[in-house]
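1107 is the number of the first residue of the sequence shown in the working numbering; add one for each residue after it.
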Amino acid sequence: MEISQETKTRFKSPQQKVIVNIRYTSNWMANQQNAYMSKFDLTMPQFNILRILRGAKENGPISVNTVKERMIEKSPNTTRLMDKLIDKGLMERVRCESDRRIVYVMITDKGLDLLSEMDLSFETNNLLAAKLTDEEAEVLSGLLDKLRS
């Protein structure tokens, strides 16, 4: 449904319309993603942490600060989120051998298995892929990049 109809709003300009549409769509996507994540007993920020750790796996453990820097949604409670993932056995902390004050984190095999399961399930249920072609997704991504630059 068109954003004007969805929100029952007459927009003053195309720019106002696109801002409302981005915010509305962002909220809609967050709700869809949260529902999907709940099936795996994860939140989006927890998933984001696991995704970051999986990407860094080849290079070994990374620092907590590196994870914080790479987060999509910056959160002051990243350490608490990591504690929950550790409790679930999805990641672990590793102390630096040469400096015990430094703590690294890494994904566990259980965490990798969960992400693999989620990847497979996501591909099957991908709402975005069903609505946008690859070309449309590239155009939209480019426009969003332009908006942020």
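Beta carbons: idealized from backbone N, C-alpha and C, even for Gly.
Assuming contact is defined by CB atoms lying nearer than 8 Å, are residue i and residue j in contact in what I supplied?
| i | j | result |
| --- | --- | --- |
| G1217 | L1159 | yes |
| T1115 | V1124 | no |
| L1191 | Q1152 | yes |
| L1196 | L1249 | no |
| M1143 | M1150 | yes |
| L1220 | F1146 | yes |
| L1238 | L1246 | yes |
Please look up how many angstroms separate the CB atoms of residue i and residue j, rounded, as I've assumed it's under 8 Å.
| i | j | result |
| --- | --- | --- |
| M1177 | T1185 | 12 Å between Cβ atoms; not a contact. |
| Y1130 | E1112 | 7 Å |
With 16 as the cutoff for other CB atoms within 10 Å, does residue i come out buried or exposed?
| i | result |
| --- | --- |
| P1120 | exposed |
| A1236 | exposed |
| M1188 | buried |
| N1133 | exposed |
| N1154 | buried |
| P1182 | exposed |
| I1162 | Going by the sequence as given, residue 1162 is Ala instead of Ile. By the 10 Å Cβ count, A1162 comes out buried. |
request  = Kindly confirm or deny that the segment 1162 to 1180 and the segment 1208 to 1225 touch, where touching means at least three C-beta pairs closer than 8 Å.
outcome  = Yes, since at least three Cβ pairs between the segment 1162 to 1180 and the segment 1208 to 1225 fall closer than 8 Å, the two stretches touch.
Any alpha helix (DSSP H) of 4 or more consecutive residues that is wholly inside the segment 1144 to 1201 = 1150 to 1162, 1170 to 1176, 1184 to 1193
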